[in-house]
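**Student:** Chains as they are written, first to last, in this note's numbering: chain V, 60 to 507; chain C, 3 to 390.
The structure under discussion is supplied below as structure tokens; questions concerning it will follow.
Below, the structure written as structure tokens:
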């Protein structure tokens, strides 16, 4: 019965649409290429004419707007390409001279090659974001395994291996840190966002090393059962990568960083190993939840965040979803990451005990370039799409700025790193959205 | 007079896109034919907003929610605030975004621009104005282009000629409204010193002082003024409840601060008391990114709603308990109004979308979503009832 109703409604919709097409001038073609049927419809609107007279000068301005919309439906990939061109013809007549000037503005920026962009987004999500979600979870899993091995055989060599694994995990985090949205930033932000539990500094630029030390010391001095201490209930600024770094890279009593002192502390106080493993397992729990959200089930929708995002179903599936597009989410997240690097003192506050800040930032630079430069069999890279949209220079500028960022990390000062990050922040605010004809919004930039 | 009307229905492009997804989204087709809600809006209700992203598009746009259509009156400037003449209710004024100098008077029934008016020399507009209760005068927030001192100009509405001017008793007056007595004006003096020749650059971060000023509209005398503790918080938007409670929305000048401390962006001022700031959990506060862009009070439900386009969020506090009641995520939301029947908060964003939040449950009515592709609703939304 429901199917029948749906069919009737669908047929009605098609009928209404047909009427609509005939009203505004339409044509359609069907072609078959590589076994894929492609239907193309073109509509040309009736001109919308608007005129105004300046009350002070008497100058008459008349605009005529014609909208041409071309929609292509492919039945195999179910991709849709909508190309909309707006031609505005403006006629200005000066009553005193009778002079008339005519200008035509074709809003060609709206030609977005939507299916190409959609495919590029899918490639970005799969090859860059989801793969880094999975890689980060794998690295955390390895860190958890390594902590267990170390605690079973507490040697300086094993400590070094565990420390190295922490650095690898931290680097993996900095490959994911530019993509804070979705499962990394839970929809109900009244609860603490997931990423705070991984990287407490990212919250507001507060260095919580002192908080972690105090809490660790307190836990070491306590005689309570570790298993009874619920690490999932600890505050976000007491756990995460920072808690593991403090545990692994210094002796709690005096912050000595020699391998011998740290190892001996683990040998002499088995409780520290229990705490180390508890921190590690809590990080693994958090990271696995994020991975599940991206890959399997987001917010009990029964669908992965990846699927909801790429099929543009987030707004329909969730009650409290902002409704912006995938490309908007990715672009804004990248922009916020580089804004964060510019505004916070990452080089002097983050990964200081492990001395691993710069390699983490290099990991971020690498993933940024990869995001923009990766193509696949079915999709072009973002750089190529930018060039196709006549923004090749912008693509070059961004690539150059990424290289400048890398150079600053390797040889520059802290201020030069910030400055390079600020340039990339600007690129993700302006050049990239402009080149892809992506609107990030109008109101958020105003400050009014 | 001049006709700048153009009309765009939701249906043409909406149907086109719907056909494109046909077969992929049957529920969407169901939703399209569930038209029962169309009757829930009054025929004379309109939602107005400055509209457009670039020159050539800028306009005063309005939505007829019952018909799901939009109209617009093209303007050659980007508008900001709007106000309706309470007596000649077809008459709406849209002010230029600061530091513009122009406003247009639009007949929303006919679509005609009836009049435009400029600032006096060496004055620039600050984006908002308000009509007197008798509709005879319009009070406009302006600034001295040389000294940057805040000004409130008074124009008669039969010809929109300026007849008076007095100080706003502060720098950077922005939104203003009449108190329930119809005489006292409450003005958000943002405290940010800008000049037209340097556009929106702020020149007084170290000394900025933002106030909520109460002024006698008949003589310009300062009745009293209030400030918030956070010195870099700029009070910029406000709304007044029937009992005189004022809700204020602020933006924080983070670049002028030497710390990362979170600052409340919302507040309530009750007569005879200090301003009380509204609190929210830290994750929400951070997400707002130092910017609330609009505020509206639903008098019936004693709820103050705020929007933050940088936080992609609308937030709702109780006016009396000051308790945070709900929040709703919506990309680049800033436009905020209340439906004519007072049952919904209406939200708009720059992607042309409209959402409605039930004022009693503070949950979104998803079936009331509207989408007008190609429209870009600017910072403020105004609900008006046209004469029957």
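In this text, a Cβ means the ideal position worked out from N, Cα and C, and glycines have one as well.
Using 10 angstroms around the beta-carbon of residue 160 of chain C, count the other beta-carbons present and answer buried if the total reaches 16, otherwise exposed.
**Tutor:** Along the second chain, read from residue 1 onward, the residue named residue 160 of chain C stands at position 158. So residue 160 of chain C counts as exposed.
**Student:** For residue 38 of chain C, I'd like the list of residues in its chain whose CB is within less than 6 angstroms of its CB, leaving aside the five on either flank, ordered along the chain.
**Tutor:** As a working mapping, residue 38 of chain C is identified with position 36 in the second chain. Its pLDDT being 46, under 50, residue 38 of chain C is placed unreliably in this model, and the value from its coordinates should be taken loosely. Excluding residues within five positions, none has a Cβ falling inside 6 angstroms.
**Student:** Which residues in the same chain have their Cβ closer than 6 angstroms to the Cβ of residue 290 of chain V, if we skip the five residues on either side of it in sequence?
**Tutor:** The residue labelled residue 290 of chain V in the question sits at position 231 within the first chain. Cβ within range, chain order: 337 and 341.
**Student:** Where does the unbroken alpha helix (DSSP H) through residue 393 of chain V begin, and where does it stop?
**Tutor:** For the purposes of this step, residue 393 of chain V is taken as the residue at position 334 of the first chain. Residue 393 of chain V -> alpha helix (DSSP H) spans 385 to 402.
**Student:** Determine, using beta carbons only, whether residue 193 of chain C comes closer than 8 angstroms to chain V.
**Tutor:** One-based indexing of the second chain puts residue 193 of chain C at position 191. No, residue 193 of chain C lies away from the interface with chain V (no Cβ there is under 8 angstroms from its Cβ).
**Student:** So who's on the other strand from residue 1 of chain C, going by DSSP bridges?
**Tutor:** Here chain C has residues from 3 to 390 only, and residue 1 of chain C is not among them.
**Student:** If the cut is a Cβ gap below 7 angstroms, which residues of chain C does residue 252 of chain V touch?
**Tutor:** For the purposes of this step, residue 252 of chain V is identified with residue 193 of the first chain, where counting begins at 1. Neighbours of residue 252 of chain V on chain C, chain order: 285.
**Student:** For chain V, find out if any of its Cβ atoms is closer than 8 angstroms to the Cβ of residue 260 of chain C; answer yes or no.
**Tutor:** Along the second chain, one-based indexing puts residue 260 of chain C at 258. So, not an interface residue.
**Student:** Let me know if residue 404 of chain V comes out buried or exposed under the rule of 16 or more other beta-carbons within 10 Å of its beta-carbon.
**Tutor:** For the purposes of this step, residue 404 of chain V is taken as the residue at position 345 of the first chain. With fewer than 16 Cβ atoms within 10 Å of its Cβ, residue 404 of chain V is classed as exposed.
**Student:** Does the CB of residue 434 of chain V have a neighbour CB from chain C at under 8 angstroms?
**Tutor:** Looking up residue 434 of chain V in the first chain gives position 375. Judged by the 8 angstroms Cβ criterion, residue 434 of chain V is not in contact with chain C.
**Student:** Going by the CB atoms, is the gap between residue 145 of chain C and residue 166 of chain C shorter than 8 angstroms?
**Tutor:** Position 164 of the second chain holds residue 166 of chain C. Position 143 of the second chain holds residue 145 of chain C. Result no, Cβ atoms of residue 166 of chain C and residue 145 of chain C do not sit closer than 8 angstroms.
**Student:** Going by DSSP, what residue range makes up the alpha helix (DSSP H) through residue 417 of chain V?
**Tutor:** On the first chain, position 358 is the one that residue 417 of chain V refers to. 416 to 432 is the extent of the alpha helix (DSSP H) around residue 417 of chain V.
**Student:** Do you know how far the Cα of residue 341 of chain C is from the Cα of residue 391 of chain C?
**Tutor:** The requested residue 391 of chain C is not part of the displayed model; chain C covers only 3 to 390.
**Student:** Looking only at its chain, what residues have a beta carbon closer than 8 angstroms to the beta carbon of residue 365 of chain C, apart from the 5 residues adjacent to it on each side?
**Tutor:** Along the second chain, read from residue 1 onward, the residue named residue 365 of chain C stands at position 363. Result list for residue 365 of chain C: 328 and 359, in chain order.
**Student:** Output the distance between the C-alpha atoms of residue 113 of chain C and residue 67 of chain C, rounded to the nearest integer angstrom.
**Tutor:** By one-based count along the second chain, residue 113 of chain C stands at place 111. By one-based count along the second chain, residue 67 of chain C stands at place 65. The alpha-carbon atoms of residue 113 of chain C and residue 67 of chain C are separated by roughly 16 angstroms.
**Student:** Quick check on residue 52 of chain C: does DSSP put it in helix, strand or coil?
**Tutor:** Here residue 52 of chain C refers to the residue found at position 50 when the second chain is read from its first residue. Residue 52 of chain C falls in the strand class under three-state DSSP.
**Student:** Closer than 8 angstroms, Cβ to any Cβ of chain V: which residues of the region 127 to 153 of chain C, in chain order?
**Tutor:** Under the 8 angstroms Cβ criterion, the region 127 to 153 of chain C contributes 129.
**Student:** Quick one: measure Cβ to Cβ for residue 170 of chain C and residue 231 of chain C, integer angstroms, because I've assumed they're closer than 8 angstroms.
**Tutor:** Taking the first residue of the second chain as 1, we reach residue 170 of chain C at position 168. Taking the first residue of the second chain as 1, we reach residue 231 of chain C at position 229. At roughly 22 angstroms, the Cβ-Cβ gap does not stay under 8 angstroms, so residue 170 of chain C and residue 231 of chain C are not in contact.
**Student:** Taking Cβ positions only, does residue 97 of chain V come closer than 8 angstroms to chain C?
**Tutor:** As a first step, residue 97 of chain V is located in the first chain; it is residue number 38 there, counting from the start. Reliability fails at residue 97 of chain V, whose pLDDT of 49 lies under 50, so the model's placement of it is uncertain and the value that follows must be treated cautiously. Cβ-Cβ to chain C under 8 angstroms: no for residue 97 of chain V.
**Student:** In this structure, does DSSP put residue 1 of chain C in helix, strand or coil?
**Tutor:** For residue 1 of chain C there is no data in the structure shown, the boundaries of chain C being 3 and 390.
**Student:** Only counting the same chain, and skipping five residues up and downstream in sequence, which positions put a Cβ closer than 6 angstroms to that of residue 229 of chain C?
**Tutor:** Position 227 of the second chain, counting from 1, holds the residue named residue 229 of chain C. 213, listed in sequence order.
**Student:** If distances are taken between C-alpha atoms only, which option among V:375, V:353, V:424 and V:332 comes closest to residue 204 of chain V?
**Tutor:** Residue 204 of chain V sits at position 145 when you count from the first residue of the first chain. With distances taken between Cα atoms, residue 204 of chain V lies closest to V:332.
**Student:** Please classify residue 518 of chain V: does DSSP put it in a helix, a strand, or coil?
**Tutor:** This structure cannot settle anything about residue 518 of chain V, because the visible part of chain V is limited to 60 through 507.
**Student:** For residue 390 of chain V, I'd like the list of residues in its chain whose CB is within less than 7 angstroms of its CB, leaving aside the five on either flank, ordered along the chain.
**Tutor:** Sequence index remark: in the first chain, residue 390 of chain V carries index 331 (1-based). Closer than 7 angstroms at the Cβ level, and outside the excluded window around residue 390 of chain V, lie 487, 491, 492, 497 and 499.
**Student:** To which residues of the same chain is residue 231 of chain V closer than 6 angstroms at the C-beta, ignoring the five residues directly before and after it?
**Tutor:** As a first step, residue 231 of chain V must be located in the first chain, where it is residue number 172. Hits under 6 angstroms: 194, 195 and 198.
**Student:** Which first and last residues belong to the alpha helix (DSSP H) in which residue 332 of chain V is found?
**Tutor:** Locating residue 332 of chain V in the first chain gives position 273, counting from the first residue. Looking at the DSSP string, the run of the alpha helix (DSSP H) that includes residue 332 of chain V is 329 to 354.
**Student:** Check each candidate in V:474, V:323, V:447 and V:236 and name the one with the smallest Cα separation from residue 349 of chain V.
**Tutor:** Position 290 of the first chain, counting from 1, holds the residue named residue 349 of chain V. Minimum Cα distance to residue 349 of chain V is reached at V:236.
**Student:** Go ahead and label residue 142 of chain C buried or exposed: buried means 16 or more other beta carbons lie within 10 angstroms of its beta carbon, across all protein chains shown.
**Tutor:** For the purposes of this step, residue 142 of chain C is taken as the residue at position 140 of the second chain. So residue 142 of chain C ends up on the buried side.
**Student:** Report yes or no: is there a C-beta of chain V within less than 8 angstroms of the C-beta of residue 85 of chain C?
**Tutor:** Numbered from 1 along the second chain, position 83 holds the residue referred to as residue 85 of chain C. No, residue 85 of chain C lies away from the interface with chain V (no Cβ there is under 8 angstroms from its Cβ).
**Student:** Look at residue 262 of chain V and residue 234 of chain V and say whether their C-beta atoms are less than 8 angstroms apart.
**Tutor:** Position 203 of the first chain, counted from the start, is the residue given in the question as residue 262 of chain V. Position 175 of the first chain, counted from the start, is the residue given in the question as residue 234 of chain V. Against a cut-off of 8 angstroms, the Cβ pair of residue 234 of chain V and residue 262 of chain V comes out as no contact.
**Student:** Given a cut-off of 8 angstroms on the beta-carbon distance, is the pair residue 387 of chain C and residue 109 of chain C in contact?
**Tutor:** Here residue 387 of chain C corresponds to residue number 385 of the second chain, with the count starting at 1. Here residue 109 of chain C corresponds to residue number 107 of the second chain, with the count starting at 1. Going by C-beta atoms, residue 387 of chain C is not nearer than 8 angstroms to residue 109 of chain C.
**Student:** Answer yes or no: do residue 350 of chain C and residue 51 of chain C have a C-beta to C-beta separation smaller than 8 angstroms?
**Tutor:** Translated into the one-based positions of the second chain, residue 350 of chain C becomes position 348. Translated into the one-based positions of the second chain, residue 51 of chain C becomes position 49. It is a contact, given that the beta carbons lie within the stated cut-off.
**Student:** Is there a Cβ of chain C sitting closer than 8 angstroms to that of residue 136 of chain V, yes or no?
**Tutor:** On the first chain, position 77 is the one that residue 136 of chain V refers to. In this prediction, residue 136 of chain V has a pLDDT of 33, which is less than 50 and means its spatial position is unreliable; what the coordinates show is noted afterwards. No, no contact with chain C.
**Student:** Here's the rule: buried if 16 or more other CB atoms are within 10 angstroms of the residue's CB, otherwise exposed. What is residue 452 of chain V?
**Tutor:** On the first chain, position 393 is the one that residue 452 of chain V refers to. The residue in question, residue 452 of chain V, is exposed, as its Cβ has fewer than 16 Cβ neighbours within 10 Å.
**Student:** According to DSSP, is residue 133 of chain C helix, strand or coil?
**Tutor:** The sequence position of residue 133 of chain C within the second chain is 131, counting from 1. Residue state, collapsed to three classes: strand.
**Student:** Looking at chain V, which residues of the region 223 to 249 of chain C have a Cβ within less than 7 angstroms of any of its Cβ atoms?
**Tutor:** Answer set for the region 223 to 249 of chain C: empty.
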